[in-house]
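>
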DNA sequence: TGTAATCTTTACCAATTGATCAAAATTTTC
DNA sequence: GAAAATTTTGATCAATTGGTAAAGATTACA
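Residue numbers (the working numbering), protein chains in the order written: chain L, 14 to 223; chain E, 14 to 223.
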């Protein structure tokens, strides 16, 4: 190889491990705040505490960083939905799904915004993942329809039910500044997530009771 | 004025009227799809069917276009909430609010995405409007609390109730590609908004019944 | 119809930005 | 401790992009 780059050679060194992690964390900060095109390599490099050429030694292109982040994200983003199983009690399955999604919005807001950014742009980098997503959602929708048939869940469109859970929970990551502006400083502590959880649980429980 | 620019002189001509409208429409297309920094003047000019310098004859800067769009947007975006009045029946007031917001997501998805873009970036251009927003929401929250006290609406946190309506309706504009991908081509017609309306109405009605 | 105002185009500039290269500095390995 | 491998830096490039200048084309109006 003419000009060796990190990770193109034998195995990852200690420095590679460290620096790559720092870069990805910095990039998550910057991408989630400014979007892909709104972010510059310089910004990311600065946030990671290194020079631009140095960063480019670890990742060939800006897109390579973005791709890796998006890929990682999708891997874990759907875990809560996967965990919903037909065997459990419908309403408590849905409640814990809501709780888990809300926890993700609280604990990983950057990832959430990165995802929303990508979707807002028309999901250009995750076309195939979209069809995997459809399969998963269809599968879970089928389970829900089973619950409805058994009279254990209110009859409704399961796809839109899932959308509404995504929307209400993701809102607390994507619209964070708006939520804080409206709740005011006094209620903008971490407690707002507990208030949200309480409210959403009530809404969906009573709204979906058979 | 050394180099006169459109609208800096006496009154708007026919051509100014036409071209400015075309530019704003094109800019809404481009900004809502790519975000502010992701959009170029060239792109907007091309979409508006004119050259870049020609466009810049009508708007001094890219930011001027964006500012105008954002300003216009906020003017109308909150109208549905303003219309919610204490005199009506609580549940039907909330239902028509949901319906109106859903109609906006259907009829003005570009505006919706423009707004989400702005909030995602931390709302840098609409700081003051945010406090106006807070006043409006607080006022409506007060009305809702009155309804709850009278036993005409289920007790819950009215701020989070409003958030949940925003989130579930806006979702159909912002996450449109995802919604379409999951519903599949057969159910991605305009009918999806009616399905959504039916579902949301049921959810909120049963979820908020006293 | 002629003239003043408005509009459009061509050519251009300076700053930013993604990316490269080769050499210097550092770390790892034997 | 020296050689080899890896990491860092500084200089630089080409493309993109926001914006300007000035001359030419068109339109409105008396």
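Every residue, glycine too, gets a C-beta built ideally from N, C-alpha and C.
Is the region 205 to 219 of chain L in contact with the region 87 to 103 of chain L, if contact means three or more CB pairs nearer than 8 Å?
Touching, no, given that fewer than three Cβ pairs across the two stretches are closer than 8 Å.
> Going by beta-carbon coordinates alone, are residue 191 of chain E and residue 125 of chain E separated by less than 7 Å?
no
> Taking a cut of 9 Å between CB atoms, which residues from the region 201 to 222 of chain L lie near chain E?
205, 208, 209, 211, 212, 213, 215, 216, 217, 218, 219, 220, 221, 222
> Provide the residue span of the alpha helix (DSSP H) that contains residue 85 of chain L, from first to last.
75 to 90
> Check residue 181 of chain E in the structure and name its three-state DSSP category.
The answer is helix: DSSP assigns residue 181 of chain E an H, G or I state.
> Over what stretch of residues does the alpha helix (DSSP H) that includes residue 129 of chain L continue unbroken?
122 to 133
> How would you list, in chain order, the residues of chain E whose beta-carbon sits under 7 Å from the beta-carbon of residue 181 of chain L?
177, 180, 181
> Output yes or no for whether 7 Å exceeds the beta carbon distance between residue 128 of chain L and residue 81 of chain L.
For residue 128 of chain L and residue 81 of chain L, no; Cβs fall outside 7 Å.
> Can the beta-carbon of residue 28 of chain E be found closer than 7 Å to that of residue 43 of chain E?
Not in contact: residue 28 of chain E and residue 43 of chain E (Cβ atoms no closer than 7 Å).
> Looking only at C-alpha atoms, which of L:54, L:96, L:123, L:95 sits nearest to residue 45 of chain L?
L:123
> Looking only at its own chain, which residues have a Cβ that is under 8 Å from the Cβ of residue 178 of chain L, when we skip the five neighbours before and after it?
107, 110, 111, 114, 217
> With a CB to CB cut of under 8 Å and the five nearest residues on each side skipped, what residues in its chain are close to residue 139 of chain L?
83, 87, 131
> Alpha carbon to alpha carbon, how far is residue 180 of chain L from residue 195 of chain L? Give it in angstroms, no decimals.
18 Å
> Using a C-beta cutoff of 7 Å, does residue 126 of chain E count as contacting chain L?
yes
> Taking the straight line between their C-alpha atoms, what separation do you get for residue 165 of chain E and residue 223 of chain E?
Taking the straight line joining both Cα atoms gives about 6 Å.
> Who are the near neighbours of residue 149 of chain L in its chain, counting only those whose CB is closer than 8 Å to its CB and skipping five residues on each side?
Setting aside the 5 residues that flank it on each side, residue 149 of chain L is surrounded in the same chain by 91, 94, 95, each with a C-beta closer than 8 Å to its C-beta; the list follows chain order.
> For residue 66 of chain E, report the span of its alpha helix (DSSP H) as first-last.
65 to 71
> How long is the line joining the alpha carbons of residue 186 of chain L and residue 120 of chain L, rounded to whole angstroms?
If you take the alpha carbons of residue 186 of chain L and residue 120 of chain L, they lie about 9 Å apart.
> Is the Cβ of residue 190 of chain E closer than 7 Å to any Cβ of chain L?
yes
> At a CB distance below 9 Å, what residues from the region 87 to 98 of chain E approach chain L? Give them in sequence order.
none
> According to DSSP, is residue 52 of chain E part of a helix, a strand, or is it coil?
coil
> What three-state label does DSSP hand residue 187 of chain E in the structure shown?
helix
> For residue 171 of chain L, collect the residues of the same chain with a Cβ closer than 7 Å to its Cβ; drop the 5 residues on either side in sequence, then sort them by chain order.
154, 157, 158, listed in sequence order.
> Return the CA-CA distance between residue 30 of chain E and residue 174 of chain E, expressed in angstroms with no decimal places.
When rounded, the distance between both Cα atoms is 41 Å.
> Whose C-beta lies closer than 6 Å to the C-beta of residue 35 of chain L among residues of the same chain, with five residues either side of it excluded?
61
> Taking the alpha-carbon positions, what's the residue 71 of chain E to residue 135 of chain L distance?
Spanning the two alpha carbons is a distance of roughly 30 Å.
> Under 9 Å Cβ-Cβ, which residues of chain L neighbour residue 187 of chain E?
129, 132, 133, 180, 187
> CB-CB under 6 Å to residue 52 of chain L, same chain, minus the five flanking residues each way: which ones, in chain order?
43, 44
> Do residue 75 of chain L and residue 54 of chain L have their CB atoms nearer than 7 Å?
Judged by beta-carbon spacing, residue 54 of chain L lies within the 7 Å limit of residue 75 of chain L, meaning their Cβ atoms are closer than that value.
> Which residue from L:212, L:207, L:144 puts its Cα closest to that of residue 167 of chain E?
For residue 167 of chain E, the nearest C-alpha among the options comes from L:212.
> For the putative contact between residue 47 of chain E and residue 50 of chain L, defined by C-beta atoms under 8 Å, what is the C-beta separation to the nearest angstrom?
7 Å
> Distance, Cα to Cα, residue 147 of chain L vs residue 137 of chain L?
16 Å
> What does the alpha-carbon distance come out to for the pair residue 133 of chain E and residue 25 of chain L?
35 Å
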